[in-house]
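K.L.:
Laid out in structure tokens, this is it:
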């Protein structure tokens, strides 16, 4: 009996460890599924020595993927109606804001996929029926923006429903403060920029055919409105025609309206033409922001002016302190290109575009902090098989025999994903299969000779 007991103990110790998540926590581990869907957001978080790709997909899946093998480390599935609207991370934790009419913020541990806390944004504090009815109705038509702020013990900021700005405690998800931004029914706030103890919410108001900009400043500690103003030359073409960037000292607003303008947030009378502030000479071409997956607190951003794409860096406290760090102007007109970036000690930007070689891509990697070209790399890719690259996410790491190594988590037109490196394609995943609604296994008869069926021999 003692020997049998020892065998049972040894067998139990030898069993592999399994991670699990209680059903009452948000999302469920789903071990038998190997797909996550086409990524809407992806990052390479740096919280430990183990590298990972953190993905939030159009199928409302949050997952961690091994960049070495392409295998899923952990995977969480949200409800079908729980659309992921915003996704940011600070390394160890990731924040999602999801839902259509019922928005919820969730903080995830990027190492194990556990939900640290969950907070309903549409009823952040207990309310009476009358008070609840007075709240703005969340809608998928309103943009959602989220950010971490406050240093190492980072709290969470969420802008939603067009006018609601909510600050949550990063440790437990408790409400720090909530501000209902001023304005009438036509006022919609869609961007935030954070500088030190000041948060700027930027939105549009007036008729949809001729909107104008409005800026509201909020004290980050107290959660009260500190300023409310309209910048000079406030006409803007649409809600998508303005963007923000910031450094440790200042935040900037750039927009296209009656001309293109740069405004130092907080300086009410300040507005400088974009051609002067950015030193961009593109005639009447509008300034277009190209997503680099940066939070609005990063000082570097990318714009397209005419046929030239320029990495700009905010390095001072004046509107004219936005300087061009690097210009991508060597791509033939008409060729598609995709940008990706990462930030560690320096901002590294990669441009992926079709090369002159059949079934090939060229990846140009630059240090945007110093404006230095780090290298150009040919990478195999067949657009005829899986379509063009539509978006990509970049990670860089030191190497012994070169200045750096890079890996690009790339998404193709058909929804499939692959990891691109200097050496080629490390692995690929057919995430487009998540769009298959049903599958049927057919039991077909084995082929036989006609003479056998009719016994002619």
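Numbering (mature numbering (1 follows the signal peptide of the UniProt record, and there is no 0)), first residue to last: -20 to -1, 1 to 437.
Beta carbons are placed, not taken as given, at the ideal position from N, Cα and C, and that holds for glycine.
1. At the level of alpha carbons, what is the spacing between residue 93 and residue 54?
2. Would you call the CB atoms of residue 374 and residue 359 closer than 7 Å?
3. From residue 50 to residue 211, what does the alpha carbon distance come to, in whole angstroms?
4. Along the chain, where does the beta strand (DSSP E) containing residue 78 start, and where does it finish?
5. Rank 393, 347, 338 by C-alpha distance to the C-alpha of residue 329 and give the top, closest one.
6. Using the Cα positions of residue 107 and residue 152, report the straight-line distance between them to the nearest angstrom.
7. Which same chain residues, not among the five before or five after residue 222, have their C-beta less than 6 Å away from its C-beta?
8. Under 7 Å between the Cβ atoms of residue 77 and residue 56?
9. Are the beta-carbon atoms belonging to residue 175 and residue 231 less than 7 Å from one another?
10. Mapping DSSP to helix, strand and coil, what is residue 176?
11. Looking at the structure shown, is residue 37 part of a helix, part of a strand, or coil, going by DSSP?
12. Spatial neighbours of residue 187 within its chain, please: C-beta separation below 8 Å, excluding the five flanking residues on both sides.
13. So, helix, strand or coil for residue 6, using DSSP?
14. So, for residue 142: in the same chain, excluding its five sequence neighbours on each side, which residues have a beta-carbon less than 7 Å away from its beta-carbon?
15. If I'm right that residue 399 touches residue 60 with Cβ under 8 Å, what's the distance once you round it to whole angstroms?
16. Output needed for residue 163: all residues of its chain with C-beta closer than 6 Å, excluding positions within five of it in sequence on either side, in chain order.
17. Where residue 189 and residue 219 are concerned, what is the direct C-alpha to C-alpha distance, given to the nearest angstrom?
18. By how many angstroms is the C-alpha of residue 157 removed from the C-alpha of residue 407?
19. Measure from the alpha carbon of residue 140 to the alpha carbon of each residue in 84, 397, 227, then state which is nearest.
20. Looking at residue 248 and residue 209, is the spacing between their C-beta atoms short of 7 Å?
21. So which of 385, 392, 376 has the shortest CA-CA distance to residue 367?
22. Taking just the CA atoms, how far does residue 254 sit from residue 237?
23. Return the chain-ordered list of same chain residues with a C-beta closer than 7 Å to the C-beta of residue 97, the five sequence neighbours on each side being excluded.
24. Determine whether the beta carbon atoms of residue 389 and residue 22 lie at a separation below 7 Å.
25. When the Cα atoms are used, what is the spatial distance from residue 38 to residue 25?
26. Out of 409, 383, 335, 365, state which residue places its alpha-carbon closest to the alpha-carbon of residue 354.
27. Determine the burial state of residue 125: buried for a count of at least 16 other Cβ atoms within 10 Å of its Cβ, exposed for fewer.
28. Taking all protein chains shown into account, decide if residue 380 is buried (16 or more other Cβ within 10 angstroms of its Cβ) or exposed.
29. Rounded to the nearest angstrom, what separates residue 327 and residue 385 at their Cα positions?
30. From this set, 159, 344, 224, 213, which residue's C-alpha is nearest residue 198's C-alpha?
31. Could you tell me the alpha carbon to alpha carbon distance between residue 320 and residue 245, rounded to whole angstroms?
32. Measuring only the C-alpha atoms, how far is residue 409 from residue 369?
33. Are residue 317 and residue 288 touching if we call contact CB-CB under 7 Å?
34. Keeping to the same chain, check which residues put their C-beta closer than 8 Å to that of residue 201; ignore five residues upstream and five downstream.
35. Helix or strand or just coil, what does DSSP make of residue 440?
36. Do residue 302 and residue 257 have their CB atoms nearer than 7 Å?
P.N.:
Let me lay it out:
1. Taking the straight line from one Cα to the other gives about 6 Å.
2. No; because the gap between Cβ atoms is not below 7 Å, this pair is not in contact.
3. Each residue's alpha carbon lies about 48 Å from the other.
4. Its beta strand (DSSP E) spans residues 73 to 78.
5. Of 393, 347, 338, the residue nearest in Cα terms is 347.
6. Low local confidence applies: a pLDDT of 46 at residue 107 is under 50, so the model's placement there is unreliable, and no value is given.
7. Taken in chain order, the residues that qualify are 216, 235.
8. Contact flag unset, no.
9. Yes, these two residues count as a Cβ contact at 7 Å.
10. Secondary structure of residue 176 (DSSP, three-state): coil.
11. Residue state, collapsed to three classes: strand.
12. Taken in chain order, the residues that qualify are 166.
13. In this prediction, residue 6 has a pLDDT of 49, which is less than 50 and means its spatial position is unreliable; nothing more can be read from the coordinates.
14. Sequence-distant partners of residue 142 (beyond 5 residues in either direction) whose C-beta falls short of 7 Å from its own C-beta, in its chain, are 116, 122, 168, 169.
15. For residue 399 against residue 60, the beta-carbon gap comes to about 28 Å, at or over 8 Å, which does not count as contact.
16. If we look at residue 163 and ignore the five residues flanking it on each side, its Cβ neighbours are 185.
17. Residue 219 has its alpha-carbon roughly 11 Å from the corresponding atom of residue 189.
18. CA-to-CA, the gap between residue 407 and residue 157 works out to about 45 Å.
19. Nearest of 84, 397, 227 to residue 140, Cα basis: 84.
20. Residue 248 is positioned such that its CB atom lies closer than 7 Å to that of residue 209.
21. That would be 392, whose Cα lies nearest to the Cα of residue 367.
22. Residue 254 has its alpha-carbon roughly 11 Å from the corresponding atom of residue 237.
23. Excluding residues within five positions, the ones whose Cβ falls inside 7 Å are 87, 152, 153.
24. Closer than 7 Å, so yes.
25. Taking the straight line joining both Cα atoms gives about 20 Å.
26. The option with the nearest alpha carbon to residue 354 is 383.
27. Label assigned to residue 125: buried.
28. Residue 380 comes out exposed.
29. Approximately 14 Å between the Cα atoms of the pair.
30. Ranking the options by Cα distance to residue 198, first place goes to 159.
31. Taking the Cα positions, residue 320 is about 27 Å away from residue 245.
32. Rounded to whole angstroms, residue 409 to residue 369 spans 14 Å at the Cα level.
33. Going by C-beta atoms, residue 317 is not nearer than 7 Å to residue 288.
34. Scanning its chain for C-beta atoms nearer than 8 Å, with the 5 sequence neighbours on each side dropped, one finds around residue 201 the residues 177, in chain order.
35. What the structure shows of the chain is the stretch from -20 to 437, and residue 440 is not part of that stretch, so it cannot be assessed.
36. Residue 257 sits close to residue 302, with the two beta carbons spaced by under 7 Å.
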